[in-house]
Each structure stands twice: as C-alpha cells, then as structure tokens.
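What follows is a short report on a single structure.
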Amino acid sequence: QKEVEQDPGPLSVPEGAIVSLNCTYSNSAFQYFMWYRQYSRKGPELLMYTYSSGNKEDGRFTAQVDKSSKYISLFIRDSQPSDSATYLCAMSVNAGNMLTFGGGTRLMVKP
Amino acid sequence: DVKVTQSSRYLVKRTGEKVFLECVQDMDHENMFWYRQDPGLGLRLIYFSYDVKMKEKGDIPEGYSVSREKKERFSLILESASTNQTSMYLCASRKTSGYYNEQFFGPGTRLTVL
Chain A
1 QKEVEQDPGP LSVPEGAIVS LNCTYSNSAF QYFMWYRQYS RKGPELLMYT
51 YSSGNKEDGR FTAQVDKSSK YISLFIRDSQ PSDSATYLCA MSVNAGNMLT
101 FGGGTRLMVK P
Chain B
1001 DVKVTQSSRY LVKRTGEKVF LECVQDMDHE NMFWYRQDPG LGLRLIYFSY
1051 DVKMKEKGDI PEGYSVSREK KERFSLILES ASTNQTSMYL CASRKTSGYY
1101 NEQFFGPGTR LTVL
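So the sequences go chain by chain: A and B.
The first sequence: position 34 = 34 (my numbering), numbered continuously.
One gets my numbering by counting positions in the second sequence from 1 and adding 1000 to each.
Structure follows, in structure tokens:
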C-alpha cells in the first residue's frame, strides 16, 4: 500500500463546476500538506500549503485537512479551462523533511 | 522570479550509454533534489543534496549517481542507461531556512532509453 493515495483520474468537468480533489494517507505523523499543480510539459508548482488540520482559502481554491481521517482535499470553485492540469498532493512530517507525493489526479475542465 | 533550469527537455539515449542530466538554480538554495515521475507513481526521490559536495540517497537511487560541485548546479548521472530508466526527470531546489517547505521545480527532462 502506498503511503499517499490519489485517484489518477482523469476527472472531466464542465466549466464553472466545483471540483473536489482528494488524497488519503497512512502516516499519522504528517503535519505539512501541500497541493502542487502541474501543467502539461511543465514542472509542478506549489498551489496551496496547509499546516495541521483545518481549512485554507486562496481565491477560488480551498485546501482542507482532516487529520483524524487522514484525508486531505482541494476544492476549486468556478472551475476554468485554465485549471486543466495534474494536481499532486504532497506531505511531510516536519517543514525540513522530504516530501511524500501522491500519484496525481489529472483534471480536465471543458468549456 | 525564481528559476530552476534543466539542460534538456527531451533526450533519447541507447542502452548502456552514460547519461548526464544537468540542473541549475539561481535562487542560492542550499537543498537540491532529483525526482523521477512515472504515470500513477507520482514523484519518487532519487537523490538529494543538502549543500555543496553533500548528497543523500532517496527512495530509488539504484542505477543513478549525482554530483554537486557548485551550489547552483546538481547533476544526475545514469552510469549505464537501461530501458527501465525511461521516465520524466524533475529537478527541484529549496531553501533550508524559513517556515515553508516549498520546493521549486524545473520543467523536467523526458528521457527515452532505447
């Protein structure tokens, strides 16, 4: 069993839809949670960063962490075609530790 | 604007060849990383370097070596390329200080070994 699980998709939604992307993990020591976005033929770039449990909002994006369930989510409101990308979750025990990545979910937002 | 560059976007090599992948960052970051990315497997850490001339094995170091002679440059070496090393290779860098654990990635090198 992988330490971080993520549905590979692809997830196809119409423009304007609310998107929910999720990861589950097995290591209860993880405290730092990140979402990276990776456009085709590009490297990943950090989208959201959360420490411990709770929600964090940035524009159309909301990151949610439920440590009791070992489950993290990324919500995208009013999705746009420009949101079409692969979304990778990543997590670590401490800020200076190595990151453990999920396999990525490919999202396609159709106009 | 932060920048991590990789020497090649696409590379085709033959089995048994020695392959060099170069990565340069201009952010004066201490830490640098090499990952490979395969469908469904996400990013897997090959090697990382805390600072110049320092290196540590990641999760999948077999068949690879690295070199870090200067702070800004981190090289990945495939001593004798094999077909199972066909993959996307991503380099990243990170500053050691600060609250964030953010790694900045290069655009990747897609390596095909025939």
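Beta carbons are placed, not taken as given, at the ideal position from N, Cα and C, and that holds for glycine.
Everything numeric in this text was worked out from a predicted model, so none of it was measured.
Closer than 8 Å at the beta carbon, the chain B residues around residue i
| i | result |
| --- | --- |
| PRO44/A | LEU1043, LEU1090 and PHE1105 |
| LEU107/A | Per Cβ cutoff of 8 Å: no residues; LEU107/A is ~15 Å from chain B at best. |
Within 8 Å, strictly: CB atoms of residue i and residue j
| i | j | result |
| --- | --- | --- |
| ARG106/A | GLY9/A | yes |
| LEU47/A | ARG37/A | yes |
| VAL1012/B | GLY1106/B | no |
| PHE101/A | SER20/A | no |
| TYR32/A | SER92/A | yes |
| GLU1072/B | GLN1025/B | yes |
| VAL109/A | SER69/A | no |
| MET34/A | TYR49/A | yes |
Neighbour list for residue i in chain B, Cβ cutoff strictly below 9 Å
| i | result |
| --- | --- |
| PRO8/A | PRO1039 and GLY1040 |
Partner residues on chain B for residue i, Cβ-Cβ distance less than 7 Å
| i | result |
| --- | --- |
| GLY103/A | GLY1040, LEU1041 and GLY1042 |
For residue j and residue i, believed in contact at Cβ under 8 Å, the rounded distance
| i | j | result |
| --- | --- | --- |
| PHE1033/B | PHE1020/B | No, PHE1033/B and PHE1020/B are not in contact; Cβ-Cβ is about 17 Å, not under 8 Å. |
| VAL1066/B | SER1080/B | Going by Cβ atoms, the distance from VAL1066/B to SER1080/B rounds to 16 Å, so no, they are not a contact pair. |
| SER1087/B | GLN1037/B | 7 Å |
| GLY1042/B | LEU88/A | 6 Å |
| GLY1063/B | LEU1078/B | 7 Å |
Partners in chain A for residue i, counting only beta-carbon separations shorter than 8 Å
| i | result |
| --- | --- |
| THR1096/B | GLY96 |
Residues that residue i contacts on chain A, provided the C-beta gap is smaller than 9 Å
| i | result |
| --- | --- |
| GLU1102/B | MET34, LEU46 and TYR49 |
Contact with chain C by residue i, beta-carbon distance below 8 Å
| i | result |
| --- | --- |
| LEU74/A | No chain C is present in this structure, whose protein chains are A and B. |
Ranges of the beta strand (DSSP E) found wholly within the region 1011-1048 of chain B, counting only runs of at least 3:
1019-1025 and 1031-1038
Against chain B: residues of the region 5-35 of chain A by CB proximity under 8 Å:
Going along the region 5-35 of chain A in chain order, one finds GLN6, PRO8, TYR32 and MET34 with a Cβ nearer than 8 Å to chain B.
Could you list the residues in the region 1055-1086 of chain B with a C-beta less than 8 Å from some C-beta on chain A, going in chain order?
GLY1058
For the region 1007-1024 of chain B, which residues have a beta carbon sitting closer than 9 Å to at least one beta carbon of chain A?
The region 1007-1024 of chain B vs chain A, Cβ under 9 Å: ARG1009.
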